[in-house]
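Undergrad: Can you keep this structure in mind? I'll have questions shortly.
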Amino acid sequence: MEDVKLGVVETKFADIIWRQEPLSSGELVTICREELSWKKSTTYTVLKKLCDKGIFQNQEGRITSLISRQDFYAARSTKFVEDTFDGSLPAFIAAFTSRKSLSREEIAEIRDMIDSSGGADHRLGNRK
Numbered sequence: 010m011e012d013v014k015l016g017v018v019e020t021k022f023a024d025i026i027w028r029q030e031p032l033s034s035g036e037l038v039t040i041c042r043e044e045l046s047w048k049k050s051t052t053y054t055v056l057k058k059l060c061d062k063g064i065f066q067n068q069e070g071r072i073t074s075l076i077s078r079q080d081f082y083a084a085r086s087t088k089f090v091e092d093t094f095d096g097s098l099p100a101f102i103a104a105f106t107s108r109k110s111l112s113r114e115e116i117a118e119i120r121d122m123i124d125s126s127g128g129a130d131h132r133l134g135n136r137k
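Per my numbering, residue 10 is the first one in the sequence shown, and the count goes up by one each step.
Written out as structure tokens, the structure reads:
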């Protein structure tokens, strides 16, 4: 995926699709009218833009994603860390925690993520 950015409105729109997919273009128009107060033409214009970016596809009036919400935001997060912290996740965490303390639950959740990624096991295995 190229460096695709979404504005605030595009993000709300994308979240609607990710939450509801697969859905028909008619269903999408109805949801956008109710949730975003959009006209049909606005919905189709933004949909085409995000299809052109390779995030969604509209095949015969059926809207589906080409990239999951999780994968999209994982790629965006990786790009942010690369651009802002020279790719250093520890530098990002240091900057983040200098302004906001982590709760015990957040710390435990992060430790679990590290442990499940194999990072801790891999490092321990190399200490032989």
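Cβ coordinates follow ideal geometry from the N, Cα and C atoms, glycine included.
If residue 56 sits next to residue 67, beta carbons under 8 Å apart, how far is it from one beta carbon to the other, in whole angstroms?
TA: 6 Å
Undergrad: Determine the extent of the beta strand (DSSP E) in which residue 74 is found, giving its start and end residues.
TA: 71–74
Undergrad: What's the call for residue 23, buried or exposed, on a 16-neighbour Cβ count within 10 Å?
TA: buried
Undergrad: In angstroms with no decimal places, state the Cα-to-Cα distance between residue 51 and residue 73.
TA: 18 Å
Undergrad: Would you grab the beta carbon distance between residue 81 and residue 26 for me? Rounded to a whole angstrom, and I think it's under 8 Å.
TA: About 11 Å; that fails the 8 Å criterion.
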